[in-house]
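Peer 1: I am attaching a structure below and will ask some questions about it afterwards.
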Amino acid sequence: MAGKRHIIGYAGVLSAALAVGFVPVTPRLDYYIYDLISRTDTYTAPPQSVVVAIDEETLQARGGTRNYRPILTEALQGLAQAQPAAIAIDMLLADRTEEQIDKPLEAAMLATPNLVLHSLLTSDGRWEDPLPLFKPLAKAVGHAHLELQRTDGISRSIALQVIADDDARYALALEAYKIARGAQIMESLEDLQIGDTAIDLPRDGARAMPIRFRAPGEIPTISVLQIPHNLEAIRGKVAFIGVTSLPAANDRLLNPAGVELPGVEIHAHAYETLARGDFLYPAGNTLVLAVCGMLVLAAGLAFWFLSGWRPYALGALLIVGAMASPIPFYAQGIVFPFFPPLATSWLGVAAAASYQHFVVRRQLRLAQSDKERYQQAIHWAAHEMRTPLTAIQGSSELMTRYNLPDAKRNQLSEMINSESKRLARIIQTFLDVERLAEGQVELKREPFTAADLVATCHQRVAPLAERKRISITLDTPIDGTLVGDRELMEFALYNLLTNAVKYSPADTQVRVRAALSAKELRLAVEDQGMGIDAKELKNIFNKFYRTKKAEASGEVGTGIGLSIVQQIVTSHGGRIDVTSTPGKGSCFTMILMARPVSQVASGAE
Ligand code: ADP
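Here our numbering runs 4 ahead of the position in the sequence shown, where the first position is 1.
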């Protein structure tokens, strides 16, 4: 029963550790670890795209930023020679400019077969599209939003689809990929399908695709001025045209490796990720919960089954393992968060360790003291039984060996009879006390007089007192009827009397006083013995406690008598009081519920 409760408590503590550790906190740490791991990526396959850069030199040679469109026209004309698989323009072409500028651009676009243009969301949530002049010339219009979270300026993923104003746009890179492959984009709530490539990113997660960046410089960047010299490098690739000039470009972001990149190059990296088909997916909550649950379970099992340093060593290993868990997941294409396994493994180990330490160790100690108490009780019973057994043995031997006169024979057999009864009583008391200690005893409820109780105990302790020439005086008459278990009550009073005799020097007095008030009987045993120090007084009812004086006196004792006395008295609804002066004597008073004998006899209330 206790074991079952124990398991439930343990499971409860561990579940709490899991729940607290799993609560989502700021993902900053998760990002940091993701960035670290993603830096280890290396790719050997040749890139499928090029960046056609309107760089500083181009702007200087062509008269600055106000000539973007003539530069773009020049780029498109140059690229026509190279026949790229597609051309994506990462520049907003929403405003009308002069006729002699836009016309040649229109003509260049017309001559470009696989053109992708871009659009942006305005601050009021509408799409800002290319001019109607240009838009029909593009095979697709993609959105150019690079930032998903504006937390730290690091670009980790792009939204493959942005829905605004009832109009869904795919990312520029995705449109370029579609055009280059000559496929269509099919979308469902759960995924995107381009040709035979499926991307399992749900719509309600903005279809955030982690970009797997290649090392800086791996995707060739070709200045517009250099196009004629690089036709072969561009042929068959997808060309992303955009501004890279540091002062002019307004969309520079960091990649997870901390390298600053112009927006157009980030589109190219997103394209490479698509082209390789090498997607990373965020770990689902169920997976994260399962891994965290397993970590907590492992911590729980370790501390349940192992002892000493082993569970701690295993716990430390678990924490290290939890910290490293994003690495193998990453290798499987899963972005696993760092913090939840770390937090749950720590909390799991801490919870399991403290539970085992405090609860289990405490129970162990309790069980141990229970065992000791039981041993002591057996010790006591064996000790008490020795006297009557010796008497019985001696008497029976006398009876068989010698031819004794009848009178002597009768005396001996009476002795055997009474001593075996005493033996039975000791065994009964032992059993009662054991059951009393476990709180499962049903007390007898019989009436008996205080006078009888005192007389019986007095008789029993008399030989012991005589040996030390200690006189026991009784207050008479003793009034009062008690209700309860007489055997146990006798045990209690007898114990107080033997203690009084045991812990008193020879030739002293022990007094038994009885005072009956309306409902209470105060039964006091007063001695002139060694007494008990005030500091030790509160401990004497503890099991096995013996005062220093008592130890020094050479009197044998187990230190459990008083604890049993207290248990008997309290289970009868009474209490026990002690006053003591070291060197002068002690007084133990049992305060019990009782009524005058006359009232009980007449049956009055
Ligand atoms: P035991 O007598 O077997 O040691 P008890 O539980 O009866 O065990 O008593 C506990 C301790 O209380 C004794 O060891 C002794 O130190 C102290 N004690 C009990 N009664 C007296 C007394 N009348 N005078 C002095 N010390 C006492």
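The beta-carbon is built from N, C-alpha and C at its ideal position, and this holds for glycine as well.
Computed from a predicted model, the values in this text were never measured in an experiment.
(1) Who does Cys-591 pair with in a DSSP beta bridge?
(2) Give the single residue among Leu-527, Thr-348, Leu-125 and Ala-303 whose Cα lies nearest to the Cα of Asp-169.
(3) Between the alpha carbons of Ala-608 and Val-505, how many angstroms are there, rounded?
(4) With Ala-172 and Gly-146 assumed to form a contact (beta carbons below 8 Å), what rounded beta-carbon distance in angstroms separates them?
(5) Going by DSSP, which residues form a beta bridge with Tyr-359?
(6) Taking 8 Å as the cut-off, is the CB of Arg-550 close to at least one heavy atom of the ligand ATP?
(7) Taking only the alpha-carbon atoms, compute the straight-line gap between Thr-551 and Glu-388 and give it to the nearest angstrom.
(8) Between which two residues does the beta strand (DSSP E) harbouring Gln-197 extend?
(9) For Glu-555, is the beta carbon positioned less than 8 Å from some heavy atom of the ligand ADP?
(10) If I follow the unbroken beta strand (DSSP E) through Ala-172, where does it start and stop?
(11) Once the 5 residues before and after Ile-572 are set aside, which same chain residues still bring their CB inside 6 Å of it?
(12) To the nearest whole angstrom, what separates the beta carbons of Pro-220 and Val-263, a pair I think is in contact under 8 Å?
(13) Quick check on the DSSP output: the alpha helix (DSSP H) that includes Pro-332 runs from which residue to which?
(14) By DSSP, does Met-95 sit in helix, in strand, or in coil?
(15) Using 9 Å as the threshold, is the C-beta distance between Ile-482 and Ala-454 below it?
(16) Is it the case that the Cβ atoms of Ala-3 and Leu-63 are separated by a distance below 9 Å?
(17) By DSSP, does Ser-521 sit in helix, in strand, or in coil?
(18) For Val-27, which option in Gln-87, Ile-420 and Phe-342 has the closest C-alpha, if you only look at C-alpha atoms?
(19) Please report the residue range of the alpha helix (DSSP H) in which Ile-37 lies.
(20) Check Ala-285 in the structure and name its three-state DSSP category.
(21) So what does DSSP say about Thr-453, is it helix, strand or coil?
(22) Here's a check: name, in chain order, each residue in its chain whose Cβ is nearer than 6 Å to the Cβ of Thr-593, leaving out the five neighbours to either side.
(23) Whole-angstrom Cβ separation of Gly-82 and Thr-201, contact assumed at under 8 Å?
(24) Does the stretch 7-21 touch the stretch 291-306, meaning 3 or more C-beta pairs lie closer than 8 Å?
(25) Measure the CB-CB distance between Pro-345 and Val-295 and report whether it falls below 9 Å.
(26) Measuring alpha carbon to alpha carbon, tell me which residue in Arg-218, Val-247, Phe-217 and Arg-9 is nearest Ile-226.
(27) What is the DSSP secondary structure of Met-5, reduced to helix, strand or coil?
Peer 2: In short, the structure shows the following:
(1) Glu-530 and Thr-583.
(2) Taking each of Leu-527, Thr-348, Leu-125 and Ala-303 in turn and checking the Cα distance to Asp-169, the smallest one comes out for Leu-125.
(3) For Ala-608, the predicted model reports a pLDDT of 48, less than 50, meaning its position is unreliable; a value from the coordinates is still stated below. Answer to the nearest angstrom: the Cα atoms are 39 Å apart.
(4) With a Cβ gap of about 11 Å, Ala-172 and Gly-146 do not count as contacting.
(5) Per DSSP, none; premise fails for Tyr-359.
(6) For the structure depicted, the ligand ATP is absent and the ligand set comprises only the ligand ADP.
(7) 22 Å
(8) 196-198
(9) yes
(10) 171-174
(11) Spatial neighbours of Ile-572 in its own chain (CB-CB distance under 6 Å, excluding positions within 5 residues in sequence) are listed in chain order as Leu-492 and Ala-496.
(12) Indeed they touch by this definition, with Cβ atoms about 5 Å apart.
(13) 330-335
(14) For Met-95, the secondary structure class from DSSP, reduced to helix, strand or coil, is coil.
(15) Yes, the Cβ-Cβ distance between Ile-482 and Ala-454 is below 9 Å.
(16) Nothing about residue 3 can be read from this structure; the chain reaches only from 5 to 609.
(17) coil
(18) Phe-342
(19) 32-42
(20) In the sequence as presented, Ala is not what sits at residue 285; that position holds Tyr. Assignment of Tyr-285 by DSSP, reduced to helix, strand and coil, places it in the strand class.
(21) Correct three-state label for Thr-453: strand.
(22) Arg-526, Ala-528 and Asp-581
(23) Contact doesn't hold; Cβ gap of about 31 Å is too wide.
(24) yes
(25) yes
(26) Val-247
(27) For Met-5, the predicted model reports a pLDDT of 40, less than 50, meaning its position is unreliable; a value from the coordinates is still stated below. Looking at Met-5 - three-state DSSP - the assignment turns out to be coil, as it is neither helix nor strand.
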